[in-house]
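With the first letter of the sequence shown counted as 1, position 222 gets the number 222 in our numbering; the numbers rise by one all the way through.
Presented below is the structure to which this report refers.
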Amino acid sequence: MNAEIVPKRVRFAFPFAILTKPDTVRLVAGEEFRYTLRSLSLEQWLPQLLSSFEREVEWRPLLNQLPCERHQQALEIITRLYGERVLMEGTGEYPPTPSPLRCVVEGSGKLSERLRGAVPAVLRSAGHVAALCQDTLDYAAALDFNRRCRRSDAAGWLWISCGPMGRGFVSSVFRPHAGPCLGCLIRNFQRLSPAPEIYEHLIEHSCAGGEIPPVPFPAPALDLLAALARWKIESSAQTEPSVGVYRLHVVETDTMECTTHRVFRDPHCPDCSPR
Ligand SMILES: [Zn+2]
């Protein structure tokens with residue numbers, strides 16, 4: 001690899017620990033990023049050079065501070081580390097500032113209070129993420145939220161519910177112009193339910209103005225649901241969201257277990273299936 005490809009200013013892509021042994025220097029960031037460099041007496045000069053990359057820096061002047069006989073080796077190491085994305089181009093700021101979170105929280109109850117406390121309040125605007133928090137089994141309101149979001153200019157939306165009482169849900173982030181949607185998820189729940197007719201009855205009851213009272217849910221589990229929702233909303237705004245953004249998370253109050261599940265499009269969903 002040619003050193004010409006290395007940008008003028010670089011920095012570490014992650015906060016690396018710099019470990020040394022005789023003739024060995026290791027860079028370790030978490031469990032996934034580990035690089036081992038080996039050469040005679042490497043540990044005597046390389047760690048100092050590498051520690052410069054903890055902040056964005058121009059690397060050529062650093063090279064010139066080394067004795068001449070080290071230049072070629074240091075150049076090869078910098079080129080290799082850039083090629084392996086250990087070093088990345090400096091952006092003029094460090095650490096990079098995340099883009100502001102734009103989330104509109106709907107719903108009432110303790111779950112919505114927690115999520116409102118966790119994400120900064122914004123006005124409805126193009127590109128926001130909408131979140132509906134529920135502490136009841138009001139599927140009619142959830143389906144209405146889904147339809148409104150599909151018609152809006154929201155970048156995505158999700159549903160957080162402790163309505164089932166024994167478990168809480170944080171849905172995947174749904175996107176416009178594509179399935180699955182929240183309607184698909186609720187239809188899949190209904191299909192798997194031993195009493196699917198109760199879904200219809202609850203929807204009819206709510207649409208007729210009937211009351212569905214909120215259910216109790218352990219406070220730490222509410223914290224967990226709100227934290228998961230916030231995490232998904234933040235990740236969904238990134239260029240490469242985590243895979244978990246598109247999974248359903250289920251928190252069981254009995255076992256305290258959190259599981260994730262794929263969300264499938266329902267080909268007969270009246271909300272997102274092409275007619
Ligand atoms: Zn759908």
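Glycine included, each C-beta is placed from N, C-alpha and C at the ideal position.
Taking non-hydrogen atoms of ligand 1 into account, the C-beta of CYS103 is found less than 7 Å away from none of them. In terms of CA proximity to CYS103, ALA131 leads the group ALA131, LEU182 and TYR199. Cβ neighbours of PRO241 within its own chain (closer than 7 Å, five residues either side excluded): SER235. Shortest Cα-Cα distance from GLU200 to any of HIS177, THR259 and ALA140 involves ALA140.
Secondary structure note for THR20: its beta strand (DSSP E) is the uninterrupted segment 17-21. DSSP, read as helix, strand or coil, puts VAL243 in helix.
Per the coordinates, the alpha-carbon of THR20 lies some 10 Å from the alpha-carbon of SER41. At a cut-off of 7 Å, the beta-carbon of PRO180 counts as near ligand 1: some heavy atom of the ligand is closer than that.
Minimum Cα-Cα distance from ASP254 among the listed residues TYR246, ALA221, ARG265 and CYS272 corresponds to ALA221.
Rounded to whole angstroms, the gap between the alpha carbons of MET256 and PRO216 is 16 Å.
Of the residues GLU197, VAL170, PHE189 and ILE203, the one whose Cα lies closest to the Cα of TYR246 is VAL170. In chain order, ARG38, SER39, LEU40, SER41, LEU42 and GLU43 place their CB closer than 8 Å to the CB of ASP23, counting only its own chain and leaving out the 5 sequence neighbours on each side.
Ranked by Cα distance from ALA17, the options PRO180, VAL119, HIS128 and GLN48 are led by GLN48. The residue from SER172, GLU31 and PRO214 with its alpha-carbon nearest to that of ARG265 is SER172. Look at CYS162: its beta carbon is at least 7 Å from all of the heavy atoms in ligand 1. Residue environment for SER108: exposed (fewer than 16 other C-beta atoms within 10 angstroms of its C-beta). Close CB contacts of GLU56 within its chain, under the 6 Å cut and outside five residues either way in sequence, are with ARG9, ARG11, GLY90 and TYR94 (chain order).
At least one heavy atom of ligand 1 lies less than 7 Å from the C-beta of GLY183.
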